[in-house]
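Colleague:
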Amino acid sequence: MKKLWQKLIKPSSKYSILALVLVGIGITLAGTFTVHKGFEFASTTEFCTSCHTMQGNYEEYKQTVHFKNASGVRAECVDCHQPKDLPGKLFRKMEGAKDLYHHFISKKVDTPEKFEDNRLEMAQAVWARMKGQNSKTCKSCHAYESMDHSKQSAKAAFEMNKAAAEDMNCIECHKGIAHELPNMAGGFQKDFEELQTTAKSQGAAAEKLYSLGEKDLFATNNADAKPEGKLLPASEVIVLERKDDMLKVQIEGWLEKSGKGRVLTEYMGKRVFKATIRGDVKAGETLLEEQTDVSTDIVWQHVSVEAWINSDDMIDSIQPIWNYAEDMYGSTCNACHAAPDPAHFTANGWISGLNAMSAYYRLTKTEERTLLKYLQNHGKDTGGAGAH
0 MKKLWQKLIK PSSKYSILAL VLVGIGITLA GTFTVHKGFE FASTTEFCTS
50 CHTMQGNYEE YKQTVHFKNA SGVRAECVDC HQPKDLPGKL FRKMEGAKDL
100 YHHFISKKVD TPEKFEDNRL EMAQAVWARM KGQNSKTCKS CHAYESMDHS
150 KQSAKAAFEM NKAAAEDMNC IECHKGIAHE LPNMAGGFQK DFEELQTTAK
200 SQGAAAEKLY SLGEKDLFAT NNADAKPEGK LLPASEVIVL ERKDDMLKVQ
250 IEGWLEKSGK GRVLTEYMGK RVFKATIRGD VKAGETLLEE QTDVSTDIVW
300 QHVSVEAWIN SDDMIDSIQP IWNYAEDMYG STCNACHAAP DPAHFTANGW
350 ISGLNAMSAY YRLTKTEERT LLKYLQNHGK DTGGAGAH
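With numbering that gives the first Met the number 0 applied, the sequence shown corresponds to residues 0 to 387, in that order.
(1) Apart from the five residues just before and just after histidine 387, which ones in its own chain have a Cβ nearer than 8 Å to its Cβ?
(2) When the distance is taken between beta carbons, is alanine 177 closer than 9 Å to isoleucine 314?
(3) Would glutamine 81 and threonine 136 qualify as a contact pair, given that the criterion is a beta-carbon distance under 9 Å?
(4) Run through DSSP, which three-state label would isoleucine 237 get?
(5) To the nearest whole angstrom, what separates the beta carbons of arginine 270 and isoleucine 350, a pair I think is in contact under 8 Å?
(6) Ordered along the chain, which non-local residues of its own chain (more than five positions away) have a Cβ less than 7 Å from that of alanine 384?
(7) Taking the CB atoms as reference points, tell me whether glutamine 300 and glutamate 255 lie closer together than 9 Å.
(8) Determine which residues share a DSSP beta bridge with asparagine 309 and list them.
(9) Which residue marks the beginning of the beta strand (DSSP E) containing lysine 269, and which one marks its end?
(10) By the three-class DSSP mapping on this structure, what secondary structure does histidine 80 have?
(11) Can you name the start and end residues of the beta strand (DSSP E) that serine 351 belongs to?
(12) On the three-pair Cβ rule with 8 Å, is the region 301-313 touching the region 212-231?
(13) Do we get a CB-CB distance below 9 Å when we pair glutamate 158 with the residues of chain B?
(14) Looking only at C-alpha atoms, which of Phe272, Met245, Asp243 and Phe217 sits nearest to glutamate 235?
(15) Measure from the alpha carbon of lysine 259 to the alpha carbon of each residue in Glu192, Gln132, Ala338 and Arg277, then state which is nearest.
The structure is reproduced here in structure tokens:
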């Protein structure tokens, strides 16, 4: 070890110290130049799109204002996907190795079909990275302090003023501006399939269950009989009896005394629907208490009914349903803009709030009712986020 150290610090007997220093400087400069040119080459759009996996993305990008516009200023691939600082560049290049791995080794994205199947996952990773960096690549061109709101439309100026005040992430509102949006339903629909798998075991054992979707209510344990109501998604029931694949359950809720008394709600005075009842199921209801809503003077009855349902799609905890609905909310409402916190509206207010956006998303009726139930149960007057 001592001899090695002496060799490192002892000047060469053949070359002068100056020569060695100059050689070291030359190697350093050559290395710096090579690294710089390497980064420069690897940061061109031509390099980024040289892999055929990226050709589809490149064609999408060519149709956007970032590629061709009135001012002639083009945003290249690295302007959006690679930070300007050296540590950010190095880290991003290392991350890029993962793309090569999935193309050449795992074969996860080596065909257009596979790429589309995994587009949502990849897009979410990019959005998360941009969010974690406070959208600094976007803001390197689109700085809040450089914006002239008087030249924006009234709606854009209103939204951008709010965004600037909060220093919002650009990616919270601007997705799908350089590439096509992936199928946003892919993630939460897979979550629902996993919930259904879980339900197969839980529905057969637990005493307290929650519905994944809509279920017919029957007065007897005969599923071929005429339904006497419907249990709505994300609704709690207590299991009283099991027979084959049928469950006898108890459902509690609130009814308006002056109405027909067919719609059970989760809360008094709030249109958070739990079930509809009629016929023999309705006839067998038990009155638990009666209260008057002081804000409306409407009399409400807290009742309990018994009915039979099949055991499919019932799980023993509400939280997995809320997690699934939260993903759905993020994938649909957050796809185009920053969606409000669930506690922004009241339970009743969310009905009109979600209905106003119904033209912009594509959900099944059951998915929409589950999403609404999640938002209502985490609304301003039901405790807010985390209360249920």
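Every residue, glycine too, gets a C-beta built ideally from N, C-alpha and C.
Modeller: Inspection of the coordinates gives the following:
(1) Residue placement at histidine 387 is poorly supported in this model, since its pLDDT is 48, which falls under 50; the coordinates are not used for a value here.
(2) no
(3) yes
(4) strand
(5) 6 Å
(6) Unreliable positioning characterises alanine 384 in this predicted model, as indicated by a pLDDT of 48, which lies under 50. A coordinate reading is not provided.
(7) yes
(8) Met245
(9) 269-276
(10) helix
(11) No beta strand (DSSP E) holds serine 351; the alpha helix (DSSP H) holding it covers 348-355.
(12) yes
(13) The structure shown has no chain B; it contains just one protein chain.
(14) Phe272
(15) Arg277
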